[in-house]
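Residue numbers (the working numbering): 9 to 417. C-beta atoms are modelled at their ideal positions from N, C-alpha and C, and glycine is treated no differently. The structure appears right after this line, and notes come after that.
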Amino acid sequence: MAAKKKTIPIFVWEGADRNGNRKKGEVQAKSSALAKAQLRREGLNVLKIKPKPKPLFGIGGPKKKGITPMDIAIFSRQLATMMKAGVPLVQSFEIVGNGHENANMSELILAIKADVEGGSSLTEALRKFPLHFDDLYCSLVQAGEHAGILDAILDKVATYKEKTEALKAKIKKAMFYPIAVMVVAVVVVSILLLFVIPQFESMFQNFSADLPALTQFVVDTSRFLQDWWWAVFGSLGLAIFFFGYFKKRSRKMREFLDRLSLKIAIIGPILEKAAIARYARTLQTMFAAGTPLVEALGSVSGAVGNIVFSNAVNQIQQEVSTGTQLNKAMTNTGVFPSMVLQMTAIGEESGALDTMLGKVADFYEAEVDNLVDSLTSLLEPIIMSVLGVIIAAIVIAMYLPIFQMGQVL
9 MAAKKKTIPI
19 FVWEGADRNG
29 NRKKGEVQAK
39 SSALAKAQLR
49 REGLNVLKIK
59 PKPKPLFGIG
69 GPKKKGITPM
79 DIAIFSRQLA
89 TMMKAGVPLV
99 QSFEIVGNGH
109 ENANMSELIL
119 AIKADVEGGS
129 SLTEALRKFP
139 LHFDDLYCSL
149 VQAGEHAGIL
159 DAILDKVATY
169 KEKTEALKAK
179 IKKAMFYPIA
189 VMVVAVVVVS
199 ILLLFVIPQF
209 ESMFQNFSAD
219 LPALTQFVVD
229 TSRFLQDWWW
239 AVFGSLGLAI
249 FFFGYFKKRS
259 RKMREFLDRL
269 SLKIAIIGPI
279 LEKAAIARYA
289 RTLQTMFAAG
299 TPLVEALGSV
309 SGAVGNIVFS
319 NAVNQIQQEV
329 STGTQLNKAM
339 TNTGVFPSMV
349 LQMTAIGEES
359 GALDTMLGKV
369 ADFYEAEVDN
379 LVDSLTSLLE
389 PIIMSVLGVI
399 IAAIVIAMYL
409 PIFQMGQVL
């Protein structure tokens with residue numbers, strides 16, 4: 009079992025600066041001696057220091073929450089803003105870290121700050137946290153450090169993260185609505201079959217005539233579900249579990265599902281346009297940061313979100329590395345629309361590839377937004393109609409024997 013990560017303590021201090029002005033604040037360090045040494049390096053004479061008391065019953069102070077990609081985007085934007093304002097990197101980390109509402113994010117920022125303060129480059133410090141800072145992020149920061157434009161690169165990274173997270177949110181919105189309605193439909197039908205139909209069945213037992221075929225089918229389904237509900241729901245749960253298990257571990261299965269998803273009506277075009285938008289946005293950000301094209305394509309491959317397009321980017325990278333033009337290599341994959349190919353060719357010829365890729369990304373992100381809105385408005389009446397038909401069929405099946413008995417009488 010992995011050891012539990014130890015939290016770096018926070019110390020409250022009081023002291024004076026070089027001019028004798030009284031100062032007080034908080035500092036994060038592994039011990040009070042290290043905290044004093046850190047403050048002395050900042051030109052402060054510490055008069056009093058003690059561990060920060062923990063709040064009673066855990067009330068107050070920043071709350072511990074999971075670190076989301078949007079937290080990383082906001083952190084990047086804040087750090088870029090601080091550096092553009094002329095605030096030193098280490099001090100920027102301290103300001104952003106101590107002011108964060110999420111305790112986990114605050115610890116992460118201050119841990120990076122401690123590494124940078126200890127002599128590590130920002131890229132080296134970030135690479136210690138691959139769960140939150142992937143190779144693409146670290147590569148961009150490294151390019152910014154080498155070129156001496158870290159603030160501008162962090163600004164581009166923040167914009168990139170914000171746009172990609174917005175795109176992911178749109179895709180989730182497109183998938184969530186139909187799945188949520190289907191789950192509600194299953195729950196409603198299950199309640200009817202398990203609890204409502206048995207009440208009618210006890211009444212039908214007094215009928216001397218045979219039940220209508222539709223009624224008999226519903227009653228038999230209800231009996232089966234009452235007797236085997238544990239097997240039905242257990243099998244459904246196991247199917248979902250194994251689907252998720254093998255989807256994570258089998259590349260062939262993921263590739264099959266990604267290819268299949270691109271062919272699904274309505275959903276397929278959304279996923280295709282989202283993959284193209286990610287490709288263009290990621291390549292634009294890398295290229296604008298001064299990353300060589302071949303190296304940039306290596307990072308783009310893992311960011312497109314679909315194995316079909318990931319394989320296409322790998323093929324493009326191999327062809328570009330042998331001297332093929334980018335638009336020609338993209339054409340050879342057969343997965344990019346002509347508009348994307350033409351705009352890429354114009355960008356290459358004019359020397360403004362990053363600008364044209366940005367326009368492609370903007371266009372396809374807007375297309376995804378429009379398609380998601382159209383999908384929601386289109387699926388809502390369809391799904392509600394299907395759900396209404398199912399429930400209406402069950403209700404009619406239950407009242408058919410009553411209608412027949414009324415006709416006999």
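* How would you label G245, buried or exposed, when you count the other beta carbons within 10 angstroms and need 16 or more for buried? -> Here residue 245 corresponds to residue number 237 of the sequence shown, with the count starting at 1. So G245 ends up on the exposed side.
* Asked: Can you name the residues that DSSP bridges to R289?
  -> The residue given as residue 289 occupies position 281 in the sequence shown. None, per the DSSP bridge assignment.
* When DSSP labels each residue in this structure, what does P59 get in the three-state scheme? -> Here residue 59 is taken as the residue at index 51 of the sequence shown, counted from 1. Collapsing the DSSP output to three states places P59 in a strand.
* Asked: What's the gap between the Cα of N314 and the Cα of H108?
  -> Stepping through the sequence shown from its first residue, residue 314 is reached at position 306. Stepping through the sequence shown from its first residue, residue 108 is reached at position 100. Approximately 34 Å between the Cα atoms of the pair.
* Asked: L64 to L291, Cα distance in whole Å?
  -> Counting from one through the sequence shown, the residue named residue 64 turns up at place 56. Counting from one through the sequence shown, the residue named residue 291 turns up at place 283. Bear in mind that the predicted position of L64 carries a pLDDT of just 42, short of 50, making it unreliable; the figure below should be weighed with that in mind. Going by the C-alpha atoms only, they are around 49 Å apart.
* Asked: Applying the criterion that 16 or more other CB atoms from any shown protein chain within 10 Å of the CB defines a buried residue, is D25 buried or exposed?
  -> One-based indexing of the sequence shown puts residue 25 at position 17. Exposed: under 16 other Cβ atoms inside 10 Å.
* Do A282 and Y372 have their CB atoms nearer than 9 Å? -> Numbered from its first residue, the sequence shown carries residue 282 at position 274. Numbered from its first residue, the sequence shown carries residue 372 at position 364. For A282 and Y372, yes; Cβs fall inside 9 Å.
* Local Cβ density within 10 Å of T293, reported as buried at 16 or more and exposed below that -> The count along the sequence shown starts at 1 and reaches residue 293 at position 285. With 16 or more other Cβ atoms within 10 Å, it is buried.
* **Among Q224, S198, F141, D362, the one whose alpha carbon lies nearest that of Y407** => By one-based count along the sequence shown, residue 407 stands at place 399. Measuring from the Cα of Y407, the nearest candidate turns out to be Q224.
* To do: Check each candidate in F101, A297, A239 and name the one with the smallest Cα separation from M90.
  => As a first step, residue 90 must be located in the sequence shown, where it is residue number 82. Of the candidates F101, A297, A239, F101 places its Cα closest to the Cα of M90.
* Helix, strand or coil: how does DSSP classify V312 here? -> In the sequence shown, residue 312 corresponds to position 304, counting from 1. DSSP, reduced to helix, strand and coil, places V312 outside both helices and strands of the structure shown, so it counts as coil.
* To do: Could you round the C-beta distance between M113 and F137 to whole angstroms and report it? I think they count as a contact, below 8 Å.
  => Looking up residue 113 in the sequence shown gives position 105. Looking up residue 137 in the sequence shown gives position 129. With 8 Å as the limit, M113 and F137 do not qualify as a contact, their Cβ atoms being about 11 Å apart.
* Asked: Bridge partners of Q36, per DSSP?
  -> For the purposes of this step, residue 36 is taken as the residue at position 28 of the sequence shown. The beta-bridge partner set that DSSP reports for Q36 consists of I18.
* Identify whether R262 lies in helix, strand or coil by the three-state DSSP scheme. => Residue mapping note: residue 262 aligns to position 254 of the sequence shown, counting from 1. When DSSP states are grouped into helix, strand and coil, R262 belongs to the helix group.
* Asked: Under 9 Å, do A285 and L361 count as touching if we go by C-beta distance?
  -> Reading the sequence shown from its first residue, position 277 is the one you call residue 285. Reading the sequence shown from its first residue, position 353 is the one you call residue 361. Contact: no.
* Asked: Of the residues W238, I57, F317, D159, which one's Cα is nearest the Cα of F264?
  -> As a first step, residue 264 is located in the sequence shown; it is residue number 256 there, counting from the start. When each option's Cα is compared against that of F264, the closest is F317.
* To do: Pull up the CB-CB distance for I398 and A193, whole angstroms please, since I reckon it's below 8 Å.
  => Here the question's residue 398 lines up with position 390 in the sequence shown. Here the question's residue 193 lines up with position 185 in the sequence shown. Indeed, because the Cβ distance is near 7 Å, the residues count as touching under 8 Å.
* In terms of alpha-carbon separation, which member of S385, T299, T384, L118 lies closest to E153? -> To locate residue 153, count along the sequence shown from 1; it is residue 145. Taking each of S385, T299, T384, L118 in turn and checking the Cα distance to E153, the smallest one comes out for T299.
* contact_flag[the region 177-186, the region 378-387] where n(CB pairs < 8 Å) is 3 or more -> The region 177-186, when compared against the region 378-387, does touch it at the 8 Å Cβ threshold.
* To do: Please state whether DSSP places R30 in a helix, a strand or coil.
  => As a first step, residue 30 is located in the sequence shown; it is residue number 22 there, counting from the start. The answer is strand: DSSP assigns R30 an E or B state.
* Helix, strand or coil for I402 per DSSP? -> Within the sequence shown, numbered from 1, the residue matching residue 402 stands at position 394. Of the three classes helix, strand and coil, the one that applies to I402 here is helix, per DSSP.
* **Touch test, the region 143-157 against the region 345-356, Cβ-Cβ under 8 Å, three pairs minimum** => Taking one beta carbon from each stretch, the region 143-157 and the region 345-356 have fewer than 3 pairs nearer than 8 Å; the two do not touch.
* Asked: So F249 is in the alpha helix (DSSP H); what residue range does that whole segment cover?
  -> One-based indexing of the sequence shown puts residue 249 at position 241. That run of the alpha helix (DSSP H) goes 221-257.
* Nearest-angstrom Cα distance between M190 and F241? -> Walking along the sequence shown from the start, residue 190 turns up at place 182. Walking along the sequence shown from the start, residue 241 turns up at place 233. The alpha-carbon atoms of M190 and F241 are separated by roughly 15 Å.
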